[in-house]
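Below: one structure, written as structure tokens.
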Amino acid sequence: MAYFLELLVNGALTGLMYSLVALGIVLIYKSAGVPNLAQGAMVMLSAYFIWMFTAMAGMPIFVSIGLAVVAMFAFGLLAERLLLRKMVGQPIIMIVMLTLGLEIFLRGVGPGFLGAAPKSLDLGIPLTPIIVGDVFINRDYLIGGIVAVVLIGLSLLFFRTRIGTKLRAVSDDHVSSWSVGISVERAIGISWGLAGISAVAAGALWGSVQGVDWTLSALLFPAIAVVILGGLDSIIGVLVAGLIVGILGSVIPGYVDPIVGGGTRNVVTSLIILFTIMLRPHGIFGREDIERV
Amino acid sequence: MRGLFKGLIGTVAAAALTVTGTAKTDDDTIKFALLQDFTAVYTFVTDEYNQGQRDYLTLINEEGGIDGYTFQALVRDTGNEPQRGLEAYNRARREGAVLVDFLSTPVSRAAVSRVLRDEIVMITVLHGRGDASDGTTFPYVFPMMATYWSQAAVLADHIEQNEDGLEGKRIAHVYIDSPFGREPVPVMQELAERKGFEYRTFAYPSPGTEQSATWSDVRRYRPDYVMIWGAGGGQPVSVREAIRNGIAPERILSVVWMAETDARTVGTDVATGLKRFEAVATGTDYPIMERIMETVIEPGLGTGDSENVGTTYYNIGVASMAVSVEAARLALEEYGGPLTGEKLRDGFRMIEDYDAEGMMPPLTFSEEDHQGGGFGRISQWNGEAWEPVTDWYASYQDIVWEEIEKDAAGFREGR
Chain A
2 MAYFLELLVN GALTGLMYSL VALGIVLIYK SAGVPNLAQG AMVMLSAYFI WMFTAMAGMP
62 IFVSIGLAVV AMFAFGLLAE RLLLRKMVGQ PIIMIVMLTL GLEIFLRGVG PGFLGAAPKS
122 LDLGIPLTPI IVGDVFINRD YLIGGIVAVV LIGLSLLFFR TRIGTKLRAV SDDHVSSWSV
182 GISVERAIGI SWGLAGISAV AAGALWGSVQ GVDWTLSALL FPAIAVVILG GLDSIIGVLV
242 AGLIVGILGS VIPGYVDPIV GGGTRNVVTS LIILFTIMLR PHGIFGREDI ERV
Chain B
616 MRGLFKGLIG TVAAAALTVT GTAKTDDDTI KFALLQDFTA VYTFVTDEYN QGQRDYLTLI
676 NEEGGIDGYT FQALVRDTGN EPQRGLEAYN RARREGAVLV DFLSTPVSRA AVSRVLRDEI
736 VMITVLHGRG DASDGTTFPY VFPMMATYWS QAAVLADHIE QNEDGLEGKR IAHVYIDSPF
796 GREPVPVMQE LAERKGFEYR TFAYPSPGTE QSATWSDVRR YRPDYVMIWG AGGGQPVSVR
856 EAIRNGIAPE RILSVVWMAE TDARTVGTDV ATGLKRFEAV ATGTDYPIME RIMETVIEPG
916 LGTGDSENVG TTYYNIGVAS MAVSVEAARL ALEEYGGPLT GEKLRDGFRM IEDYDAEGMM
976 PPLTFSEEDH QGGGFGRISQ WNGEAWEPVT DWYASYQDIV WEEIEKDAAG FREGR
């Protein structure tokens, strides 16, 4: 039982860490209507920024994280200005391809300029686990989970503000938003900036666990499972789906891997994506758009 | 990558010099093709490894070369893709390369039949197929250093020495779920049967970012020792999870892919006591490294960040070229120039007890043995650096060679 509980708790916390990556994708989709496949590389880029400010400029880690937030917000605005703005009105598939191109570009450029060897990032989180009964809880993931819940809460509140309402309007219809005086470009820029902030949180936490290198961009895969299951436009979906993906990805391999020799977690994640798309394409909490044809 | 850019600029400059006639002619240049993965999977090692290789070749050139011959590194990125690797290989072959190093298991595997046909030496330092140690089956392939089988044998032997025997002990083998991660399994299973210890495997999915479920299971197994078999970002995650689950660093033994940066990611103090297999010494307190500092780095002829000089992967790169240049020297001494792949292969086979001036275990190759003896040693993280805790030694080579011969027979039979 203790084993099951440990898999459950650590899985849930890991899932919340995936939610941090997924949150960026949802923030952009909810505001701009663009499924951003560059979010994994944005997480990687954020971690590189933090490392640069810490190791190269000698700044304290939390100052570096703050500066990385600024840098990534600016990156988001620039991405909108230089790339996305030119795509307004273009077929969505081309915008998706653009974000995929951005993902590949960033994955090459970051390690290209800073060296491909992994860099270390120390957030000062103690390695000793929190022990409850016979259950060991990972402090990194616990803190990551708390940060994820806080950021998801803030995002929910943000979309109740005046700017948030404008972003939702932009997501619904660019042309109508323009017609009522909303700056679509600015709204999309803000959404990319917000995704940059969530990328910093994910980059700092995952970077401290595994080091900073291109493999951080591989977090896109579980994050995609989270947004598909939760719904591309649902912030609550990010929270719930993150928990489900994390728990299933921990509990099932925990019992099945010893029997089959390993490797089932990626299978579980893939099955979540496949079954969700087949059974409920808009996810658990996603909005089902019905178009009159 | 910065190193790669500099290398490419250097290559262009060298080509320009050739055109103007101020450089040495092609006949006086021995070309080594370093066609490696700078951008995909092996990025955790390639920069430093390649930097060490090129700095060593620069050292030899600055010291006057060998019998009037100088060395040129042909550096290209393969992105760990066999197609790109083979394309780069064909180009390098046309340019006259006599040695190729892909530092990538998939690319090396794809290139085996080509190098055997073209009679070009391929070195597969700490990667590639272990059965290529069988020189009669793979005459142009040189693993050169201990295969993963030999590494597992040395690690098991170290536990045996520490515990006065392996009987009744529990060893957990935690690995990235890939052929590389599973490679030591047959050797460890055979050892477990022979020595009477309990051995269990635990896999985690690639790239190893998240391993908590695996380690919860490992903790319940209550192992006496844990062998970790991964590379890159997965390695510090393994060590952190092991320590978090109550396994003392002294009882964690790693495959060769564990470097300074991994220890820093774990935490320099937290990782203290961690052990690893070491194929080449680290640091700069060796004659070759001192000469590199004096002749290459200080005059500004180095190819990358000087901070990397003396690190684990830099030194492995240096050693790989030191052995290759020694083979070239012996071949030229025996047969004279120009150097061909066939002569170079024979040069490798003439190497006896070569230790790169104390940087590595004494290597001896032969027509049969292209591994060089399977030597290594155990080093331990002391909070600041990797410190050797044993001499160089090889273990259970009888078991290792059973595996080599079994797999080599499979290759011969087209399996």
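Listed in order, the protein sequences are those of chains A and B. The opening residue of the first sequence carries number 2 in the working numbering; numbering runs sequentially from there. The opening residue of the second sequence carries number 616 in the working numbering; numbering runs sequentially from there. Ideal placement from N, C-alpha and C gives every residue a C-beta, glycine not left out.
Checklist entry - Should Ser935/B go down as buried or exposed, given a rule of 16 or more other Cβ atoms within 10 Å for buried? => result buried
Quiz item: Below 8 angstroms between beta carbons: does that hold for Ala807/B and Glu813/B?
Solution: yes
*asked:* Please tell me whether Asp749/B and Ala1023/B are closer than 8 angstroms, where the distance is taken between their beta carbons.
replied: yes
* Taking only runs that begin and end inside the stretch 736-799 of chain B, name each unbroken beta strand (DSSP E) of 3 or more residues, in chain order. => 736-738 and 785-791, all fully within the stretch 736-799 of chain B.
Among Gly41/A, Pro112/A, Ile164/A and Ile138/A, which has the Cα closest to the Cα of Ala224/A?
-> Gly41/A
- Query: What are the boundary residues of the alpha helix (DSSP H) that Leu83/A is part of?
  - Reply: Ile62 to Leu83
Using a C-beta to C-beta distance shorter than 8 angstroms, which residues of chain B count as neighbours of Gln211/A?
Gly823, Thr824, Gly848, Gly849, Pro851, Val852 and Thr880
Local Cβ density within 10 Å of Gly636/B, reported as buried at 16 or more and exposed below that:
Interpretation of Gly636/B is limited by its pLDDT of 34, a score under 50 that renders its predicted location unreliable; no figure is taken from the coordinates.
Next item on the list: Can you give me, in chain order, the residues of the stretch 648-675 of chain B that have a beta carbon less than 7 angstroms from any beta carbon in chain A?
Entry: Listed by position along the chain: Phe653, Thr654, Thr658, Phe659, Thr661, Asp662 and Glu663.
Quiz item: In chain order, what residues of the stretch 804-818 of chain B put their CB closer than 8 angstroms to some CB of chain A?
Solution: Thr816, Phe817 and Ala818
Inset, instruction - Starting from the Cα of Gly77/A, find the closest Cα among Gln91/A, Ile93/A, Val110/A and Leu28/A and give me that residue. - result: Leu28/A
Checklist entry - So is Thr55/A buried or exposed if we call it buried at 16+ other beta carbons inside 10 Å? => result buried
#### Entry: Inter-stretch contact (C-beta, 8 angstroms, three-pair minimum) for the stretch 830-844 of chain B and the stretch 268-287 of chain A
Of all C-beta pairs linking the stretch 830-844 of chain B to the stretch 268-287 of chain A, fewer than three are shorter than 8 angstroms, placing the two stretches out of contact.
Which complete beta strand (DSSP E) runs does the stretch 850-937 of chain B hold, if anything under 3 residues is left out? Within the stretch 850-937 of chain B, the complete beta strand (DSSP E) segments of 3 residues or longer fall at 867-869 and 890-893, listed in chain order.
_On the CB-based measure, 16 or more other CB atoms within 10 Å of its CB, does Arg1027/B come out buried or exposed?_
exposed
* To do: Check whether the Cβ atoms of Val940/B and Ile738/B lie closer than 8 angstroms to each other.
  => Taking the C-beta atoms as reference points, Ile738/B is found no nearer than 8 angstroms to Val940/B.
Span of the beta strand (DSSP E) around Ala688/B: Thr685 to Asp692
Open item on the list: Within 8 angstroms, do at least three Cβ pairs link the stretch 143-153 of chain A to the stretch 12-21 of chain A?
Closed with: yes
| request: Measure from the C-beta of Arg169/A to each C-beta in chain B and report whether the shortest distance is under 8 angstroms. | output: no
| Per the contact definition of three or more C-beta pairs closer than 8 angstroms, is the stretch 752-762 of chain B in contact with the stretch 996-1005 of chain B? | no
**Asked** If we call anything under 8 angstroms between Cβ atoms a contact, is Ile285/A one with Ala242/A?
**Response** yes
**Prompt:** Are Asp214/A and Pro130/A closer than 8 angstroms when you measure CB to CB?
**Reply:** No, these two residues do not count as a Cβ contact at 8 angstroms.
| request: Reducing DSSP to helix, strand and coil, say where Thr955/B ends up. | output: coil
Discussion item. Quick check: is the beta carbon of Thr55/A nearer than 8 angstroms to any beta carbon in chain B?
Written reply: no
Test: Ala1024/B CB closer than 8 angstroms to a CB of chain A:
no
Out of Ala75/A, Val10/A and Asn267/A, point me to the one whose CA is closest to Ile138/A's CA.
Val10/A
Item checked: Burial state of Gly194/A (16 or more Cβ within 10 Å) -> buried
Practice prompt. Compare the C-alpha of Ala72/A against each of Glu7/A, Ile51/A and Gly255/A and name the closest.
Written response: Looking at the Cα atoms, Ile51/A is the closest of the given residues.
**OP:** Pull up the CB-CB distance for Val911/B and Glu677/B, whole angstroms please, since I reckon it's below 8 angstroms.
**Re:** With a beta-carbon spacing of about 7 angstroms, Val911/B and Glu677/B fall inside the 8 angstroms limit used to define contacts.
Query - Residues that Ser251/A contacts on chain B, provided the C-beta gap is smaller than 9 angstroms - result: Glu825, Ser827, Ala828 and Ser831
Can you find a C-beta in chain B that's less than 8 angstroms from the C-beta of Gly12/A?
yes
Would you check if the stretch 715-730 of chain B and the stretch 852-870 of chain B touch, i.e. whether three or more CB-CB distances between them fall below 8 angstroms?
no
With DSSP as the reference, label Tyr1011/B as helix, strand or coil. coil
- request: Starting from the C-beta of Trp1007/B, find all residues in its chain whose C-beta is less than 6 angstroms away, skip the five residues before and the five after it, and write them out in chain order.
  value: Pro976, Phe990 and Arg992
- Query: Could you give the residue range of the alpha helix (DSSP H) that holds Tyr666/B?
  - Reply: The residue you asked about is not Tyr; residue 666/B is Gln in the sequence shown. From DSSP, the alpha helix (DSSP H) with Gln666/B extends over Thr658 to Glu677.
Would you say Trp830/B and Tyr790/B are within 8 angstroms of each other, going by their C-beta atoms?
no
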